[in-house]
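Every position in the sequence shown, counted from 1, becomes a number in the numbering used here once 25 is added. Have a look at the structure below before the remarks.
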Amino acid sequence: MAHLSSSEDGEAENTPAFDIIQHGHKDLVQAIAFNAYGDRCATGSVDGKIRVFNRHQDGVWRLCDNWKAHAGEILELQWLTPTLYPNLLASLGIEGRFRLWTENPSAAPGRRFSARDGNGKDASELKSSRYPYRSFSIKHDEVTRCTYVALLASDGHLTVYEGEEPVSMSLIDYGKIDDFQACPKPNRGEETCFKVRFDPNPEPCYTALRAGMPTDTLSLVVSGLTAVKIFRTRDTVTSSFGAATRSREFYLAADIREHNHLVRDVAWAPGNFRGYDMIATACQDGFVRVFRIDTPFNKDDGKSWSLGDILGNTRTDDNPASRSSHPRRQSQIPSGIRAEIDKSGTHGERTSTDLPGQIHHTIKVLSKLSVHHSPVWRVGFDDDGQILGSVGDEGKLMCYRQLPDGSWAKSSELGMMKARMTAPPTNLS
Numbered sequence: 026m027a028h029l030s031s032s033e034d035g036e037a038e039n040t041p042a043f044d045i046i047q048h049g050h051k052d053l054v055q056a057i058a059f060n061a062y063g064d065r066c067a068t069g070s071v072d073g074k075i076r077v078f079n080r081h082q083d084g085v086w087r088l089c090d091n092w093k094a095h096a097g098e099i100l101e102l103q104w105l106t107p108t109l110y111p112n113l114l115a116s117l118g119i120e121g122r123f124r125l126w127t128e129n130p131s132a133a134p135g136r137r138f139s140a141r142d143g144n145g146k147d148a149s150e151l152k153s154s155r156y157p158y159r160s161f162s163i164k165h166d167e168v169t170r171c172t173y174v175a176l177l178a179s180d181g182h183l184t185v186y187e188g189e190e191p192v193s194m195s196l197i198d199y200g201k202i203d204d205f206q207a208c209p210k211p212n213r214g215e216e217t218c219f220k221v222r223f224d225p226n227p228e229p230c231y232t233a234l235r236a237g238m239p240t241d242t243l244s245l246v247v248s249g250l251t252a253v254k255i256f257r258t259r260d261t262v263t264s265s266f267g268a269a270t271r272s273r274e275f276y277l278a279a280d281i282r283e284h285n286h287l288v289r290d291v292a293w294a295p296g297n298f299r300g301y302d303m304i305a306t307a308c309q310d311g312f313v314r315v316f317r318i319d320t321p322f323n324k325d326d327g328k329s330w331s332l333g334d335i336l337g338n339t340r341t342d343d344n345p346a347s348r349s350s351h352p353r354r355q356s357q358i359p360s361g362i363r364a365e366i367d368k369s370g371t372h373g374e375r376t377s378t379d380l381p382g383q384i385h386h387t388i389k390v391l392s393k394l395s396v397h398h399s400p401v402w403r404v405g406f407d408d409d410g411q412i413l414g415s416v417g418d419e420g421k422l423m424c425y426r427q428l429p430d431g432s433w434a435k436s437s438e439l440g441m442m443k444a445r446m447t448a449p450p451t452n453l454s
């Protein structure tokens, strides 16, 4: 993509700021994902094919591989963290199958993810026996080297898996953490949309830690129909045949009830160094809403902002020997039956209760943006949480920035325009 200029000022204005890539799909591109470094891009089409592009040192994007991944439309794509080797790509198809694709770095270009016949060779897959999956999210903990997979089905049921093996590429090795009804089940024939996203931050914000939240807490935001809910994990200890077992279960941390129309997308902002979390939603009513999530703490708790005070009560002791040296603690461990009774519904819909380990949350609406004037389909934050982007029915990308008072305002607008190519003026002299 070249430009023509007659002066230095014109050269600066005409310099291309974006690369227009011919993706090569023969149908509508439904999903796209970049890796953490921004040098790999995966696109998923309605025809079920995935194409992977690599950005080379000369700045040119070149096709790496192309294969048939699903029998129908591809709903979502996500790269796993680059610290895992080899590279892994996750996909979800309209048929409800969640698949992991492993790259073979030693293979020739065009065969990194696929076989010779052009079909993919997935490393592993998961499918629901009840209702098809409609959204997924993956998070990798660099400290524990564990990978977590959250899958949301079309009936609002959420299942979360944990892989303890750092290099495990088979979903068979993943254990189920929790399984419950996250959203109301839709009625037959009702238009639906489900999304689930992990908290992208490595650990909770410092105010949540001071409020008593463990550093290894898992956080999820789930949207289904008009409901948007935030779930976090709390530690539970059960006793089975005299043996104490530490586990985690999700509880309803916040219920956002600001939507009267279908929620199309939801995003969790990175960068919780602000002391609070932010959630953005894209709604069919044409509004982009940004919410602030706080975890109030007692200022008279006798703690300071030192690392020792904040993390003093949030560190979990994983040493079995140290746990066995506290007979009083062992005697207070509930039985397995009692633990199931105390749960707010293992497979049912979770409700807000005052069980041990639950942290109080507050919700505040920061902004309600209506710049699209049409249904909003996608919303997302940049890697720093400083820029918010949304795409609506009119096909334009709107970008927003946060103002000093905490609200968000439109900063830029991007759109594709068809223009006729004009020939450069000829010099007749």
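Glycine residues also receive a C-beta, built at the ideal position from the N, C-alpha and C atoms. Bear in mind that the values here come from a model prediction, so they are computed numbers and not experimental data.
The three-state secondary structure of residue 137, taken from DSSP, is coil. Remark: fewer than three beta-carbon pairs, one from each stretch, lie closer than 8 Å, so the region 435 to 443 and the region 320 to 334 are not flagged as touching.
Its chain contains 409 and 410 as the residues whose beta carbon lies nearer than 6 Å to that of residue 296, once the 5 sequence neighbours on both sides are disregarded; these appear in chain order. Membership of residue 65 in the beta strand (DSSP E) is indicated by the continuous run 65 to 70. One alpha carbon belongs to residue 417, the other to residue 402, and they sit about 5 Å apart. Cβ-Cβ distances below 6 Å link residue 95 to 73 and 118 in the same chain, with the five nearest sequence neighbours on each side left out; the list follows chain order.
Remark: C-beta atoms of residue 202 and residue 187 approach each other more closely than 8 Å. At a Cβ-Cβ threshold of 8 Å, residue 390 and residue 423 do not count as neighbours.
Going by DSSP, residue 57 is part of the beta strand (DSSP E) stretching over 54 to 59. Your pair residue 247 and residue 254 checks out as a contact, with CB atoms roughly 5 Å apart and the cut at 8 Å. With 16 or more neighbouring CB atoms inside 10 Å of its own CB, residue 276 falls in the buried class. Here residue 70 is actually not in contact with residue 88; their C-beta atoms are around 14 Å apart, not less than 8 Å. About 17 Å separates the beta carbons of residue 293 and residue 241, which is beyond the 8 Å limit, so they are not a contact pair. By the C-beta density criterion, residue 133 is exposed, having fewer than 16 other C-beta atoms within 10 angstroms. The Cβ atoms of residue 236 and residue 320 sit closer than 8 Å to each other.
Cβ neighbours of residue 91 within its own chain (closer than 6 Å, five residues either side excluded): 76. Cβ neighbours of residue 166 within its own chain (closer than 8 Å, five residues either side excluded): 172, 173, 227 and 241. The alpha carbon of residue 158 has as its nearest neighbour, out of 138, 129, 149 and 122, the alpha carbon of 122.
If only complete runs of 4 or more residues are kept, the region 163 to 240 shows the alpha helix (DSSP H) at 231 to 235, in order along the chain.
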